[in-house]
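One structure below.
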Amino acid sequence: MQPQDEIVPRNVTVAPLMWQGVRAAMPIVLGYLPLGFAYGVLAREAGFNLWETVLMSVLLYAGSGQFIAVSMFSSGMAAAAIIFTVFLVNLRHLLFSASLVPHLRRFRPGALALLAAEITDETFAVAINHYSDHEASLPYHFSLNLAAHFSWVLASLLGGLAGNLMGDPARFGFNFALPAMFIILLVMQLKDKKTLIVAALAALFSVVFALLWPGSWNIILATVIAATLGVFLEPWTSKF
Amino acid sequence: MDKQILIIILGTAVVTYLPRMLPLVVLSRVRLPEVFLRWLSYVPAAVLAALLAPGLLLPDGKLSLAANPYLLAAIPTGFVALKTRSMALTILTGMVAMVLIQR
């Protein structure tokens, strides 16, 4: 192969991967726009100014965490209590980050440290699903992350500007965009009986724990218990 | 900017970033035991089910099995997901179903 040929395929392969990442982010964007908008409205009502509203979406970038933070702030809670609660709520990201390790371990730590800043429930779910039958790729992952994050920041800005002008986004079915995305991602993950059983256990535990304790402990607890049971039940489940 | 709000934004950002970053950066430097990798292979399906189930069954924080628009919308959505395996079609089905159910 001639030297100049090596440059061309390189340029050709990165752009489609980035485009693939942006396209993969579209369902997330659809869900983030109304949600981020709602956050923007709530943050302004809680007493944040426009820049604080947007800055939180840039730096924290965690839907449930942001809703909890602004509602705790508006009810006069101390900063330390707010920070600790958000920490607990977002601890589940430990699991996402750990399960990306087998796919991303060959990349440089600096790149991974940057990529990790934009791990959310949704970007993780889309990426891990993609990696179950594609090779991991930083251009894909970064463009997926950035497109999702950009839509979140934009939606927060619009929500912060518009306040209460818009009606309920549920009227347009946006409230089912993220559940529908989780449904298709889950269906694509169910490759054998073993994962089906683990998923059913996780769903059951998650619902029971959510009823017992408010907050998002149910997600991390249910995931850890169901995945652990999955490993222990393997001698039995592999007989099916 | 309000100092209290700035502390909240920076503090929550740091405590959210560390759990997102540390496993990916630290664990990718070490060799993971085989049983841990098997455990990790169950995490995606488990976490998706754990995220999805309360959203469908507990729309307002309470168990709701009858006249629950989320549960109703999940039926055609799940059917389309299983049949087509298409993300766009599944989400479109879900949103249209939700609009029709909520009318």
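Going line by line, the protein sequences match chains B and D.
Numbered according to this note's numbering, the first sequence spans residues 1 to 240.
Numbered according to this note's numbering, the second sequence spans residues 1001 to 1103.
For each residue, glycine too, the CB sits at the ideal point set by N, CA and C.
Q) According to DSSP, is residue 65 of chain B helix, strand or coil? A) Along the first sequence, read from residue 1 onward, the residue named residue 65 of chain B stands at position 65. If DSSP states are grouped into helix, strand and coil, residue 65 of chain B belongs with the helices.
Q) For the ligand ZN, is there a heavy atom less than 7 Å away from the beta-carbon of residue 129 of chain B? A) Ligands in the displayed structure: none, and consequently the ligand ZN is not present.
Q) Looking at the unbroken alpha helix (DSSP H) that takes in residue 190 of chain B, where does it start and where does it end? A) Your numbering for residue 190 of chain B matches position 190 in the first sequence. For residue 190 of chain B, no alpha helix (DSSP H) run applies, since DSSP gives it neither H nor E.
Q) Which chain D residues are close to residue 264 of chain B, counting only those with a beta carbon under 7 Å from its beta carbon? A) No answer is possible for residue 264 of chain B: the residues shown for chain B start at 1 and end at 240.
Q: Report yes or no: is there a C-beta of chain B within less than 8 Å of the C-beta of residue 1066 of chain D?
A: As a working mapping, residue 1066 of chain D is identified with position 66 in the second sequence. Taking Cβ atoms only, chain B never reaches closer than 8 Å to residue 1066 of chain D, which makes this a no.
Q | Residue interval of the alpha helix (DSSP H) (run including residue 90 of chain B) | A | If you number the first sequence from 1, residue 90 of chain B lands on position 90. 79-90 is the span of the alpha helix (DSSP H), which, as asked, contains residue 90 of chain B.
Q. Listed in chain order, which residues of the segment 168-187 of chain B have Cβ atoms closer than 9 Å to some Cβ of chain E?
A. In the structure shown, chain E cannot be found, because the protein chains are B and D.
Q. Roughly how far, in whole angstroms, is the beta-carbon of residue 79 of chain B from the beta-carbon of residue 1075 of chain D, given that I think they are within contact range, below 8 Å?
A. Position 79 of the first sequence, counting from 1, holds the residue named residue 79 of chain B. Position 75 of the second sequence, counting from 1, holds the residue named residue 1075 of chain D. Between residue 79 of chain B and residue 1075 of chain D a beta carbon distance of about 44 Å is seen, past the 8 Å cut, so the two are scored as non-contacting.
Q | At least three beta-carbon pairs within less than 8 Å, the segment 1048-1055 of chain D to the segment 195-202 of chain B | A | Taking a cut-off of 8 Å for Cβ pairs, the segment 1048-1055 of chain D and the segment 195-202 of chain B touch, as three or more such pairs fall below it.
(Q) Within a Cβ cutoff of 7 Å, which residues of the same chain sit near residue 129 of chain B, ignoring the five residues on either side of it in sequence? (A) Working through the first sequence from its first residue, we reach residue 129 of chain B at position 129. Listed in chain order, the non-local C-beta contacts of residue 129 of chain B below 7 Å within the same chain comprise 185, 188, 189, local neighbours out to five positions each way being set aside.
**Q.** Within-8 Å CB hit, residue 189 of chain B to chain D
**A.** As a working note, residue 189 of chain B is residue 189 in the first sequence. Cβ-Cβ to chain D under 8 Å: yes for residue 189 of chain B.
Q: Look at residue 86 of chain B and residue 159 of chain B and say whether their C-beta atoms are less than 8 Å apart.
A: For the purposes of this step, residue 86 of chain B is taken as the residue at position 86 of the first sequence. For the purposes of this step, residue 159 of chain B is taken as the residue at position 159 of the first sequence. Result no, Cβ atoms of residue 86 of chain B and residue 159 of chain B do not sit closer than 8 Å.
(Q) I want to verify the contact list: residues of chain D whose CB lies under 7 Å from the CB of residue 105 of chain B, in sequence order. (A) Walking along the first sequence from the start, residue 105 of chain B turns up at place 105. Chain D residues near residue 105 of chain B: 1028.
**Q.** 7 Å CB neighbourhood of residue 2 of chain B in its chain, flanking five on each side removed
**A.** Here residue 2 of chain B refers to the residue found at position 2 of the first sequence. Model confidence at residue 2 of chain B stands at a pLDDT of 41, short of 50, so the residue's coordinates are unreliable and nothing is read from them.
Q: For residue 1080 of chain D, collect the residues of the same chain with a Cβ closer than 7 Å to its Cβ; drop the 5 residues on either side in sequence, then sort them by chain order.
A: Locating residue 1080 of chain D in the second sequence gives position 80, counting from the first residue. Correct list, in chain order: 1089, 1090, 1093.
Q.
Quick check on this structure: which residue in B/55, B/39, B/93, B/226 has the alpha carbon closest to the alpha carbon of residue 276 of chain B?
A. Outside the displayed range of chain B (1 to 240) lies residue 276 of chain B, so it cannot be described from this structure.
**Q.** chain D contact residues for residue 102 of chain B, given Cβ-Cβ distances below 8 Å
**A.** The residue given as residue 102 of chain B occupies position 102 in the first sequence. The contacting residues are 1032, 1037, 1040.
Q.
Measuring straight from C-alpha to C-alpha, what distance separates residue 177 of chain B and residue 29 of chain B?
A. As a working mapping, residue 177 of chain B is identified with position 177 in the first sequence. As a working mapping, residue 29 of chain B is identified with position 29 in the first sequence. Rounded to the nearest angstrom, the two C-alpha atoms are 9 Å apart.
Q) Is the number of C-beta pairs between the segment 57-75 of chain B and the segment 17-25 of chain B that are closer than 8 Å three or more? A) Verdict: no, contact absent.
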